[in-house]
Amino acid sequence: MKTVELAFDLLAKGGRPVECCVRGVKIVEDDPNDMSVGYGGLPNEDGVIQLDSACMDGPLHRAGAVGCIENIKNPASVALEVLRHTDHVMLVGEGATRFAVRMGFKEEDLNTEKSRKAWKRWRANLNPGDKWLDKDQIINFPEPWRQGDASGGAGTRGAGTRGTGTRGTGFQPVGGKPFHSTGDDFDHIALDSFGNPHTYGTIHCSATNADQDVGCCTTTSGLSWKLPGRVGDSPLIGAGLYCDNAVGSAGATGRGESVIQTLGSFWIVEAMAGGMSPTEACLAACKRIVDRTHEPRMFDDNKRPRFSVTFYAVRKDGAYGTASILKGGHAAVCVGEGATRVRSEFLYE
Ligand code: GLY
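Quick note on our numbering: the sequence shown kicks off at 2 and runs consecutively.
Here it is, written out as structure tokens:
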């Protein structure tokens with residue numbers, strides 16, 4: 002709520018939409034109690050917090066992004082400096098951190114006592130290869146050119162050595178929104194079936210101003226316990242965010258892999274250009290994901306997706322909408338005095 006209120010306030014003072022969004026999400030990046038974004042976010046498999054973020058400016062159609070940046074609290078602000086100071090769009094890893102330091106950002110440990118505790122708990126409960134697919138889930142393409150191997154299925158390098166099935170079943174990550182509470186330290190975060198905090202949690206902010214110029218920003222600590230080096234949708238232009246000054250702006254939270262593989266935010270902006278309302282476009286983008294998800298592991302026995310994505314869209318004239326795959330998504334909207342909370346339309350209860 003505070004993010005959009007600040008962004009709105011700065012817009013009303015004549016701020017550039019992209020910069021207002023970046024300043025708005027900084028509130029959440031700085032918050033040690035938010036375990037899905039910035040400082041105190043949930044770390045990767047090695048216990049290291051790697052952050053992803055991007056921003057995009059409508060009037061210039063220019064973007065800046067950082068992926069897997071470490072030790073810098075405000076990746077969205079670094080992404081804005083990439084946009085402002087370089088001819089590039091994206092910096093990753095050590096290069097991104099070095100760039101941030103050159104731009105005056107402070108290097109610091111982003112783990113908090115709480116995020117470290119969550120990581121230790123996850124390590125104690127799950128095997129170290131948890132983000133690898135289980136043996137029966139590995140994708141083997143047929144290799145008809147191999148002699149004596151009409152059925153394919155050979156070449157599963159390392160199969161059987163990874164992921165021995167200790168991943169929680171029946172777990173449905175819901176974009177970092179609370180849906181389960183243990184009364185432990187982790188009351189405001191989704192928990193898996195072992196009671197471990199787990200999130201794809203992310204913040205996206207889209208804005209349009211009185212001149213109907215648009216801008217947007219997405220920032221995240223990404224999928225918790227991810228493989229080191231994993232980049233989600235948040236810093237990828239067209240996936241976790243996109244804007245077009247002739248149309249509007251869109252962004253995503255939730256399972257980044259699904260958003261990347263459907264270029265969700267780009268598609269929504271194009272769908273709005275074609276005449277869909279923001280809500281229709283967000284819902285249709287959710288349906289595109291489900292229709293293009295073919296692995297049985299992604300669905301439960303009732304064919305309900307085990308994952309969710311929430312999309313947010315703002316048309317340049319101020320119309321807005323949001324939709325999720327699973328019920329439970331929401332957005333904060335500010336069109337004047339104070340922010341209001343809006344429930345996302347959804348495909349599945
Ligand atoms: N949407 C955030 C992520 O998947 O990293």
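Each residue gets a CB set at the ideal place from its N, CA and C atoms; glycine is no exception.
Cβ-Cβ distances below 6 angstroms link Leu-52 to Ile-70, Pro-76 and Ser-222 in the same chain, with the five nearest sequence neighbours on each side left out; the list follows chain order. DSSP, read as helix, strand or coil, puts Ile-139 in coil.
For Ser-235, the closest alpha carbon among the candidates Arg-99, Ile-261 and Gly-322 is that of Ile-261. In the three-state reduction of the DSSP assignment, Val-67 falls in the strand class, which pools E and B. When C-beta atoms of the segment 267–283 are compared with those of the segment 85–92, fewer than three pairs fall below 8 angstroms, so the two segments do not count as touching. In the DSSP assignment, Tyr-321 forms a beta bridge with Val-315. Approximately 6 angstroms separates the beta-carbon atoms of Phe-300 and Pro-306; this is inside 8 angstroms, confirming the contact.
The beta-bridge partner set that DSSP reports for His-331 consists of Arg-344. No heavy atom of the ligand GLY is found nearer than 6 angstroms to the CB of Gly-94. Three or more beta-carbon pairs drawn from the segment 92–112 and the segment 54–71 are found closer than 8 angstroms, and the two stretches are therefore classed as touching. In this model, Leu-228 and Trp-123 are separated by some 14 angstroms (Cα to Cα). Spatial neighbours of Arg-298 in its own chain (CB-CB distance under 6 angstroms, excluding positions within 5 residues in sequence) are listed in chain order as Gln-138. A distance below 7 angstroms between beta-carbons, with the five flanking residues on each side excluded, links Leu-11 to the following residues of its chain, in chain order: Cys-21 and Arg-24.
The beta carbon of Ile-204 is closer than 6 angstroms to those of Val-26, Val-29, Val-38 and Thr-220 in its chain, skipping five residues each way along the sequence. Distance from Ala-333 to Thr-4 at the Cβ level is roughly 7 angstroms; contact confirmed, criterion being Cβ atoms closer than 8 angstroms.
In the assembly as shown, Asp-47 is an exposed residue. Its beta-carbon has fewer than 16 other beta-carbons within 10 Å. Contact between Ala-274 and Ala-285 fails: their C-beta atoms lie close to 13 angstroms from each other, not under 8 angstroms. Relative to the ligand GLY, even the nearest heavy atom lies 6 angstroms or more away from the CB of Asp-214. Remark: C-beta atoms of Ser-259 and Ile-290 approach each other more closely than 7 angstroms. Inclusion of Pro-60 and Asp-214 in the CB contact set at 7 angstroms is warranted, their separation being smaller than that value. Distance from the C-beta of Thr-221 to the nearest heavy atom of the ligand GLY is below 6 angstroms. The three-state secondary structure of Leu-52, taken from DSSP, is strand.
Here the alpha carbon of Cys-244 sits roughly 18 angstroms from the alpha carbon of Phe-9. DSSP places Asp-10 in the uninterrupted alpha helix (DSSP H) bounded by 3–13. Gly-255 is positioned such that its CB atom lies no closer than 7 angstroms to that of Ser-207.
With 16 or more other Cβ atoms from the protein chains shown falling within 10 Å of its own Cβ, Met-57 counts as buried.
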